[in-house]
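Undergrad: What follows is a single structure, and I will ask about it in a moment.
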Amino acid sequence: MVLKAEHTRSPSATLPSNVPSCRSLSSSEDGPSGPSSLSDGGLAHNLQDSVRHRILYLSEQLRVEKASRDGNTVSYLKLVSKADRHQVPHIRQAFEKVNQRASATIAQIEHRLRQCHQQLQELEEGCRPKGLLLMAESDPANCEPPSEKALLSEPPMPSGEDRPVNLPDASTPFTEESRFQSSQQGMRLETEDVARQQNLILQKVKEELEEAKRFHISLQASYHSLTERSLTDLQLLLESLQEEKC
Numbered sequence: 001m002v003l004k005a006e007h008t009r010s011p012s013a014t015l016p017s018n019v020p021s022c023r024s025l026s027s028s029e030d031g032p033s034g035p036s037s038l039s040d041g042g043l044a045h046n047l048q049d050s051v052r053h054r055i056l057y058l059s060e061q062l063r064v065e066k067a068s069r070d071g072n073t074v075s076y077l078k079l080v081s082k083a084d085r086h087q088v089p090h091i092r093q094a095f096e097k098v099n100q101r102a103s104a105t106i107a108q109i110e111h112r113l114r115q116c117h118q119q120l121q122e123l124e125e126g127c128r129p130k131g132l133l134l135m136a137e138s139d140p141a142n143c144e145p146p147s148e149k150a151l152l153s154e155p156p157m158p159s160g161e162d163r164p165v166n167l168p169d170a171s172t173p174f175t176e177e178s179r180f181q182s183s184q185q186g187m188r189l190e191t192e193d194v195a196r197q198q199n200l201i202l203q204k205v206k207e208e209l210e211e212a213k214r215f216h217i218s219l220q221a222s223y224h225s226l227t228e229r230s231l232t233d234l235q236l237l238l239e240s241l242q243e244e245k246c
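This is the structure in structure tokens:
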């Protein structure tokens, strides 16, 4: 039997430059916030699909690497059972080299899998960026009803004959205008915060994509190196067996 190493052929994972979404930036009272808020749900879904695709890709690689390691173990046991007592140390040495490299590759894939699962969990739980939530809670327009503000800002009106006739209520238009300006400012701040969050996530996705490419290239190099060393070890083992038989 021959110790063998398998290689996983997989398409290079391409992550779409999509961003997780938050809930709508405006309430039903203010109307829709624009086309960007309508597409946020699709962007978040695409990003989660990309991470899931990478998890499937790494899981398949892990399965193949473990199957290859198990096959090498079976081959080693068969060789040991048929070899002479003097040949066993050479066979064991060759097997240990191959097994160490396979175990290192498996550990690396498992580490990447844990990272991907953590990223997927963060994406599924973080529907709304924390910056938007804190800003919405600190918005003065959301802390106190406008009617109460109007009442507090109104001076006490005199009663009876001292009360002016046809006195215009200046507090009402001022309150409505302040509320409108506060709402517009809150929407603008939320839009800017969403843009910052999108830029950060896009940058993170690009870095993850580059890391995935480097990891794929590293796996290919490890496979070729493993194949060459395995062939060399097996060749030396066969030559040693031939010399002992002669």
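Under the UniProt record's numbering, the sequence shown is numbered contiguously, ending at residue 246. Think of the CB as a built atom: it goes at the ideal place given N, C-alpha and C, for glycine as much as any other residue.
Starting from R85, trace the alpha helix (DSSP H) both ways and give me its first and last residue.
TA: No alpha helix (DSSP H) holds R85; DSSP gives it neither H nor E.
Undergrad: Where does V51 land, buried or exposed, given buried means 16+ other C-beta within 10 angstroms?
TA: V51 should be labelled buried.
Undergrad: To the nearest angstrom, how far is it from the Cα of G31 to the Cα of L202?
TA: Only weak support is given to the placement of G31: the predicted model assigns it a pLDDT of 43, under 50, and the value that follows is read from those uncertain coordinates. Looking at the two C-alpha atoms, the distance is approximately 28 Å.
Undergrad: With 16 as the cutoff for other CB atoms within 10 Å, does I91 come out buried or exposed?
TA: Looking at its Cβ environment, which holds 16 or more other Cβ atoms inside 10 Å, I91 is buried.
Undergrad: By a C-beta neighbour count over all protein chains shown, 10 Å radius and 16 as the cutoff for buried, is S68 buried or exposed?
TA: By the neighbour-count rule (16 or more Cβ atoms within 10 Å), S68 is buried.
Undergrad: So, under 8 Å CB-CB, T73 and S222 are touching, yes? Tell me the CB distance rounded to an integer number of Å.
TA: About 19 Å separates the two Cβ atoms, so there is no contact after all.
Undergrad: With a threshold of 6 Å on Cβ separation, who are the neighbours of Y76 within its own chain once the five nearest residues in sequence on each side are excluded?
TA: Cβ within range, chain order: F95.
Undergrad: Under 6 Å Cβ to Cβ from Q48, same chain only, skipping five residues before and after it: list those, please.
TA: Counting only Cβ-Cβ distances below 6 Å, and skipping sequence neighbours, we find L123.
Undergrad: Which residue wins for smallest C-alpha separation from R112, given the options L209, L189 and D70?
TA: Minimum Cα distance to R112 is reached at L209.
Undergrad: Taking the beta carbon of S230 as the centre, do at least 16 other beta carbons fall within 10 Å, making it buried, or is it exposed?
TA: So S230 ends up on the buried side.
Undergrad: Smallest Cα separation from L43: which of Q220, V205, E65 and E192?
TA: Among Q220, V205, E65 and E192, the Cα nearest to that of L43 is on V205.
Undergrad: Cβ atoms of I109 and L79: under 8 Å apart, would you say?
TA: Cβ atoms of L79 and I109: not closer than 8 Å.
Undergrad: Is L43 a contact residue of the ligand COA, with contact defined as CB to any heavy atom under 7 Å?
TA: The ligand content of the structure shown is nil, which means the ligand COA is not present either.
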